[in-house]
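Asker:
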Amino acid sequence: MARNNDLPPYLREGSKSEIYAPKNGNRFNITTSSFINGEEGVNEHGFAVAMTFVMTDLEKIKAGFNSCFIVRYLLEKADNTEQAVSLLMGLPVSSNCNILLADKKGNMVVVECTPILKKVRAAEIFENGSIVCTVNSFTSDEMKPYDDAKGNDYDSHRRYRTVLDSFSSERIKDEYIETTEHLLKGDYGFMCQYDDEPDFETVWSSIFDLDSLVIYRAEGDPRKKKFVTDNRLHDLIRRG
């Protein structure tokens with residue numbers, strides 16, 4: 001799994017990658033711009049969760065879990081994609097979001113969520129494998145009417161096409177860490193190069209190896225910052 005996290009620059013200083021080891025839940029690594037929730041992570045079972053925000057009209061927001069709390073909850077409680085879907089379907093969701101779920105067996109989906117409806121979107125199938133991709137909009141025709149961005153979504157469609165085209169053209173190959181780094185940098189097409197947006201930038205960029213539990217992370221714009229290996233979860237699990 002791989003992800004760019006794009007935020008207003010003032011949130012950079014408070015962004016962290018933390019290891020949690022709760023007594024009654026899974027141990028996990030989560031990356032966050034706040035403290036008790038998170039935007040993405042992987043747990044000890046090689047199960048990964050990530051979110052994307054989708055614009056919601058303020059009058060449509062309801063009581064429930066926001067997307068970042070969903071990420072933490074599922075990392076702590078679920079061992080795989082199937083379990084996570086079951087748990088998520090029972091959660092009240094406060095606002096529009098996409099939740100990407102992927103486990104080390106290759107099971108992956110995106111759950112498109114609103115306060116009143118959820119839809120599971122299956123992986124895209126190519127000759128060289130399957131992928132799921134999510135951006136700051138809903139992809140399923142059924143869910144598009146619930147997106148309140150009205151096109152103001154930081155070129156979500158362009159980013160989505162870049163990812164799918166990179167896989168269909170087989171640019172993402174066996175050296176998947178290296179080629180995924182190129183994808184996140186924008187070498188294969190527009191991803192997150194917000195050079196004309198002074199109040200929006202890539203605060204971190206991550207690649208998760210679900211088999212080894214090793215994470216590769218660039219702390220900043222991946223065009224300017226190197227990807228550094230994070231072995232903390234891997235080492236924690238090996239110690240038992």
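Just so you know, we're using the numbering used here here: the sequence shown kicks off at 1 and counts up by one. Glycine residues also receive a C-beta, built at the ideal position from the N, C-alpha and C atoms.
1) Compute the Euclidean distance between the alpha carbons of Ser95 and Lys60, then round it to the nearest angstrom.
2) Can you check which of these residues, Tyr10, Leu210 and Val228, is closest to Met108 by C-alpha distance?
3) Kindly indicate which three-state DSSP category Glu201 falls into: helix, strand or coil?
4) As a quick exercise: from Ile116, Asn24 and Ile30, pick the residue whose alpha carbon is nearest that of Trp204.
5) Kindly indicate the opening and closing residues of the beta strand (DSSP E) around Phe190.
6) With Thr56 and Asp148 assumed to form a contact (beta carbons below 8 Å), what rounded beta-carbon distance in angstroms separates them?
7) Per the contact definition of three or more C-beta pairs closer than 8 Å, is the region 140-147 in contact with the region 113-129?
8) DSSP on Cys133, reduced to helix/strand/coil?
9) Rounded to whole angstroms, what is the Cα-Cα separation between Leu74 and Cys68?
10) Helix or strand or just coil, what does DSSP make of Glu127?
11) How about Asn43 and Val71: are their beta carbons less than 8 Å apart?
12) Taking the C-alpha atoms as reference points, what is the distance between Thr81 and Lys225?
13) How close, in whole Å, do the beta carbons of Thr52 and Val135 come, if the pair is a contact with beta carbons under 8 Å?
14) Going by CA-CA distance only, name the one from Leu100, Glu76 and Arg223 that's closest to Glu181.
15) Would a C-beta distance cut-off of 8 Å place Gly46 and Leu236 closer than the cut-off?
16) Would you tell me roughly how many angstroms separate the C-alpha atoms of Ile131 and Lys173, rounded to the nearest one?
17) In the region 145-176, which residue ranges form an unbroken alpha helix (DSSP H) of at least 4 residues, counting only runs that do not cross its ends?
18) Would a C-beta distance cut-off of 8 Å place Leu184 and Ala50 closer than the cut-off?
19) Helix, strand or coil: which one does DSSP assign to Lys77?
20) In the DSSP output, what is Arg3 paired with across the bridge?
21) I think Gly138 touches Glu112, with their Cβ atoms under 8 Å apart; what is that distance to the nearest whole Å?
22) In angstroms, rounded to a whole number, what distance separates the CA positions of Met89 and Ala78?
Answerer: Reading from the atomic positions:
1) 7 Å
2) Leu210
3) strand
4) Ile30
5) From DSSP, Phe190 is part of no beta strand (DSSP E); its letter is neither H nor E.
6) 6 Å
7) yes
8) coil
9) 10 Å
10) coil
11) no
12) 31 Å
13) 6 Å
14) Arg223
15) no
16) 13 Å
17) 156-168
18) no
19) helix
20) Ser206
21) What sits at residue 138 in the sequence shown is Phe, not Gly. Sure, about 5 Å apart at Cβ, within 8 Å.
22) 13 Å
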